[in-house]
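Just below is one structure, and these are the notes that go with it.
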């Protein structure tokens with residue numbers, strides 16, 4: 028299932044939290060050999076994890092992490108503007124309607140459907156919060172996966188070669204993509220909305236009782 | 019929309035905090051809601067704001083130290099998505115008592131807040147509150163979310179600029195692509211033509227336009243082009259050549275604005 032969780036709430040899901048940061052260590056440090064920091068717990072974390080980002084996480088039936096990505100508004104400090112300005116030829120993209128999406132990670136056993144579910148979640152965020160684009164940082168291996176699930180970003184710039192290659196790209200909000208992505212993810216519109224509302228719409232009953 | 023344009027223009031020109039208070043009253047009248055409030059809170063609980071809440075409620079809020087209980091403030095410190103108050107955690111006894119008290123003071127049973135997180139754990143909120151049913155409120159928030167987000171950011175920038183000691187982030191210059199995009203739009207090219215000229219897709223062009231618009235404090239593209247010209251950030255060649263004197267950008271603002279709106 029999909030969960031939308033702000034960093035400050037993540038410790039309520041210790042299994043999910045631990046497995047996500049460990050899967051990130053496996054993907055970004057071991058496999059891609061990016062210069063990321065892995066702490067003594069085996070977690071890959073950086074300074075943007077300390078800015079209370081919003082995570083979208085696919086949770087496996089056993090409670091562990093199946094895939095995740097991390098969002099921050101481009102009106103605040105972002106990884107793209109701090110570290111990848113040269114990929115954008117000095118462009119700094121800032122708008123309350125554009126959120127940055129980084130650390131797209133898939134669990135080792137995750138199927139392409141999980142990647143599809145994550146792209147679906149990105150679309151749900153855009154739809155719900157009037158976003159026009161997501162601005163992403165990703166490795167080229169992901170480009171193939173994105174294209175497979177029918178949600179290819181427009182690459183704005185890349186650096187490095189082979190394993191070291193890293194790209195910055197934009198996903199525009201295209202409402203017509205939703206059906207296609209739902210199909211690739213193998214999910215219904217209703218369940219996606221249910222997951223979204225469960226994450227963002229808690230305590231509705233208590234609110235009504237208090238009225 | 020015209021009235022919001024006027025609002026932004028007045029906001030841009032405001033040079034004293036009491037003008038912001040008047041502008042917020044204007045916002046309430048424009049949106050026809052019970053209240054509009056701008057609330058700024060530092061990480062250590064210093065607060066400051068403008069709005070249409072009854073003064074008695076504001077004093078009561080401070081006296082009761084509601085800042086520690088208010089689910090809107092507590093919830094918004096942790097998030098950056100626009101939030102309908104129903105989505106916040108009102109489950110504690112203290113929160114429920116606070117809510118009853120707020121309703122008794124005419125705040126309304128519905129609310130919609132745009133959180134803006136600042137450096138060092140600051141929080142700014144723009145809130146609309148109203149007495150109505152859930153369906154009507156959902157219609158309101160869906161219809162106005164986008165404008166409301168922009169207004170929140172621009173109002174916050176202005177409030178920070180006017181309040182000493184809370185210096186805003188310096189205004190960012192337009193990037194090369196943003197400058198190019200607005201220049202071509204100002205010259206009357208369509209979005210499709212501009213995307214071709216810049217060798218990017220229309221979707222990506224839109225991202226640059228969104229970003230430029232935000233940096234310029236503009237509500238829409240027409241407004242952004244006009245402002246970029248009047249600030250001297252872009253030069254629209256043809257218009258400058260045609261001008262007989264004075265300030266070319268100003269002279270041709272009307273014409274440029276019209277062509278950019280196409």
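Chains as they are written, first to last, in our numbering: chain A, 28 to 238; chain B, 19 to 280. For glycine and all other residues, C-beta sits at the position ideal for the given N, C-alpha and C.
Quick one: give me the first and last residue of the beta strand (DSSP E) that residue 84(A) is part of. 81-86
Contact the region 105-117 of chain A vs the region 60-68 of chain A: 3+ CB pairs below 8 Å: no
Would you give the residue range spanned by the alpha helix (DSSP H) that residue 218(A) belongs to? 216-227
Compare the C-beta of residue 103(A) with all C-beta atoms of chain B and state if any pair is closer than 8 Å. yes
Rank 71(B), 32(B), 211(B), 153(B) by C-alpha distance to the C-alpha of residue 284(B) and give the top, closest one. The structure shown has nothing for residue 284(B), since chain B only spans 19 to 280.
State the DSSP-derived secondary structure class of residue 268(A), mapped to helix, strand or coil. Since the displayed chain A opens at 28 and closes at 238, residue 268(A) lies outside it and no answer follows.
Please give the ranges of any beta strand (DSSP E) in the region 25-90 of chain B, keeping only runs that are unbroken, at least 3 residues long and fully inside the region. 53-59, 65-69
Which residue marks the beginning of the beta strand (DSSP E) containing residue 128(B), and which one marks its end? 128-135
List, in order along the chain, the chain A residues whose C-beta lies closer than 7 Å to that of residue 232(B)? 121, 122, 123
Between residue 12(A) and residue 144(A), which are expected to be in contact by the criterion C-beta below 8 Å, what is the C-beta distance as a whole number of angstroms? Only positions 28 to 238 of chain A appear in this structure, which leaves residue 12(A) out of reach.
Less than 8 Å between the beta carbons of residue 37(A) and residue 148(A), yes or no? no
Helix, strand or coil for residue 97(B) per DSSP? coil
Thinking just about the alpha-carbon of each residue, which of 196(A), 184(A), 198(A), 217(A) is nearest to the one in residue 206(A)? 217(A)
Taking DSSP's pairing of strands, which residues face residue 23(A) in a bridge? What is shown of chain A runs 28 to 238, which leaves residue 23(A) out entirely.
Out of 60(A), 165(A), 155(A), point me to the one whose CA is closest to residue 161(B)'s CA. 155(A)
With DSSP collapsed to three states, give me the class of residue 156(A). coil
To which residues does DSSP link residue 142(B) through a beta bridge? 58(B), 134(B)
Going by alpha carbons, who is nearest to residue 194(A) out of 107(A), 103(A), 102(A)? 107(A)
So with CB distances below 7 Å, who are the chain A contacts of residue 96(B)? 33, 35, 79
Straight-line CA distance for residue 100(B) to residue 47(B)? 21 Å
Counting C-beta neighbours from all protein chains within 10 Å, is the total for residue 50(A) 16 or more, i.e. buried, or is it exposed? buried
Spell out whether any CB of chain A is found under 8 Å from the CB atom of residue 60(B). no
At 9 Å on the CB atoms, spell out the chain C contacts of residue 160(A), in chain order. The structure shown contains no chain C; its protein chains are A and B.
What's the C-alpha gap between residue 121(A) and residue 104(A)? 10 Å
Positions along the region 90-124 of chain B whose CB lies within less than 8 Å of some CB in chain A: 96, 97, 98, 99, 100, 103, 104, 105, 106, 107, 108, 109, 113, 114, 117, 118, 121
What residues in the region 122-147 of chain B bring their beta carbon closer than 7 Å to a beta carbon of chain A? 127, 135
Helix, strand or coil, according to DSSP, for residue 127(A) in the structure here? strand
Which residues DSSP lists as bridging residue 100(A), in chain order: 126(A)
Taking just the CA atoms, how far does residue 102(B) sit from residue 147(B)? 10 Å
Below 9 Å on C-beta distance, what does residue 199(A) contact in chain B? 219, 220, 221, 222, 224, 225
Can you check whether the C-beta of residue 38(B) is within less than 8 Å of a C-beta belonging to chain A? no
Can at least three beta-carbon pairs, one atom from the region 122-137 of chain A and one from the region 199-208 of chain B, be found at a separation below 8 Å? no
Where residue 163(B) meets chain A, residues with beta-carbon distance less than 8 Å: 156, 157
DSSP-derived helix/strand/coil call for residue 254(B): coil
Minimum Cβ-Cβ distance from residue 181(A) to chain B less than 8 Å: yes
DSSP three-state label for residue 119(A), please. coil
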